[in-house]
Amino acid sequence: MKKILLLLFTTILTIPAIAQISITDHSGNAITNGQEFKFSELGQLFAEVGIKITNNGSSDAYILGEVVSMSNASGSNLQFCLAEVCYATITSATSYPLTTPLTLAPGESNGDYDHFFNNYDGNDPSQPVVYEFRFYEVDASGNELGDIVSFSYTYDKTLSTKKYNLENIGITVYSSMVSDQFKFNTEESTTLKIYSLTGKKVYERNFNNGEQVVSTSKLSSGIYIIEFVTEKGYRAAKKIVKK
1 MKKILLLLFT TILTIPAIAQ ISITDHSGNA ITNGQEFKFS ELGQLFAEVG IKITNNGSSD
61 AYILGEVVSM SNASGSNLQF CLAEVCYATI TSATSYPLTT PLTLAPGESN GDYDHFFNNY
121 DGNDPSQPVV YEFRFYEVDA SGNELGDIVS FSYTYDKTLS TKKYNLENIG ITVYSSMVSD
181 QFKFNTEEST TLKIYSLTGK KVYERNFNNG EQVVSTSKLS SGIYIIEFVT EKGYRAAKKI
241 VKK
C-alpha cells in the first residue's frame, strides 16, 4: 500500500510541471496534442509552423523536440529550429537541439525564430510527406519527465487541387494599393500574415470576424504578400503594394 501511495504521489507531483509549459504558434494559437498541420506548398513562406514555448512554472524548464518519425521524407531540404539552433537535416527518433535542451527560466519564452518548414516534395512526389514531432521535458540531468505535446506536419500537393481565393473564404480586401493602412472584412476569425518578397514575415496577428483596419505605416514602400488563414484552416493570399 505504501508503494502504491508513493507512486501516486510522485505521479501527481510530475503532472503540474508538464502542464505549466505551453506551446503555441507565432500567432499565439495553442498547438494541441495530436494536431495535424497540412500544407499543399513548400518552403517557409506558406508552409511554416512557428514554435513558441513558454515556461509558466516556478522553476527552470528543459525542453527537447523529438522527430519521432518521417514518411516519404529524406530528412533533408527542410529547416527545424529550436533554441535558435537550426538544422537543415534531421533523423527519425532523434531529439533536438543535439547538444543541450532549450532552457527557460520561470515566465520565460523562447524567441520568435524557432520553427519548422519542409521544402522537400517526397521520395515519391505523388505521395504525402509526413513528419511526426514530440516535445517533452527533461530535468537538469537530461532524465525525461514527460510529454508536453505531439503533432504532425504533412506536405501533400494534392491539397492544392482545390484553390481558394479571398472571396471563397469570406474575406474582402478593399484595395491592393495601401499607404498607412489597409482595410478588410472577414466573415470568420482569421490570422493575417504579411511577407516581404524575400520571404521574411513582417507582420502577424489574429482577427475576429468583421471590419478590420491594419496599420502599414511602418512598412517600407514595395510589394508584399498578404496571407489569410481562417479558423477552418482555409488559406488564401494576394499581393499588395505599399506606396
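Each step along the sequence shown adds one to the number in full-length UniProt numbering, with nothing skipped, and position 211 is 211.
Where a beta carbon is used, it is the ideal one built from N, C-alpha and C, also for glycine.
{"Asked": "Please state whether DSSP places Glu66 in a helix, a strand or coil.", "Found": "strand"}
{"Asked": "From what residue to what residue does the beta strand (DSSP E) around Leu192 run?", "Found": "Thr190 to Ser196"}
{"Asked": "Cβ of Ala88 within 8 Å of Cβ of Ser74?", "Found": "no"}
{"Asked": "Please state the DSSP three-state secondary structure of Glu231.", "Found": "coil"}
{"Asked": "Just list the beta strand (DSSP E) runs in the segment 84-148, keeping only unbroken ones of 3 residues or longer that don't cross its boundaries, in chain order.", "Found": "85-87, 94-96, 102-104, 115-118 and 129-138"}
{"Asked": "Could you check if Ser236 is buried or exposed, using at least 16 other CB atoms within 10 Å of its CB as the buried criterion?", "Found": "It is worth fixing the name first, because residue 236 is Ala in this sequence and not Ser. It is buried - the Cβ of Ala236 has at least 16 other Cβ atoms within 10 Å."}
{"Asked": "Classify Ser179 as buried or exposed, calling it buried when 16 or more other Cβ atoms lie within 10 Å of its own Cβ.", "Found": "exposed"}
{"Asked": "Look at the alpha carbon of Asn168 and the alpha carbon of Gln44, and state the distance between them as a whole number of angstroms.", "Found": "24 Å"}
{"Asked": "State yes or no: is the beta carbon of Ser22 nearer than 8 Å to at least one beta carbon in chain C?", "Found": "Absent from the structure is chain C; it holds one protein chain and no more."}
{"Asked": "Exposed or buried, which one is Thr216 when buried takes at least 16 other CB atoms within 10 Å?", "Found": "buried"}
{"Asked": "With DSSP as the reference, label Thr158 as helix, strand or coil.", "Found": "helix"}
{"Asked": "Could you tell me the alpha carbon to alpha carbon distance between Tyr96 and Lys201, rounded to whole angstroms?", "Found": "24 Å"}
{"Asked": "Rounded to a whole number of angstroms, what is the C-alpha to C-alpha distance between Ile240 and Tyr203?", "Found": "13 Å"}
{"Asked": "Is it right to say Val129 is buried, meaning 16 or more other beta carbons lie within 10 angstroms of its own, or is it exposed?", "Found": "buried"}
{"Asked": "Compare the C-alpha of Val214 against each of Ser92, Leu192, Glu231 and Gly222 and name the closest.", "Found": "Leu192"}
{"Asked": "Over what stretch of residues does the alpha helix (DSSP H) that includes Leu45 continue unbroken?", "Found": "Gln44 to Ala47"}
{"Asked": "Distance, Cα to Cα, Asn110 vs Asn118?", "Found": "21 Å"}
{"Asked": "Which value, in whole angstroms, describes the spacing of the CA atoms of Thr161 and Thr100?", "Found": "Because Thr161 sits at a pLDDT of 46, beneath the cut-off of 50, its placement in the model cannot be relied upon, and the point is left open."}
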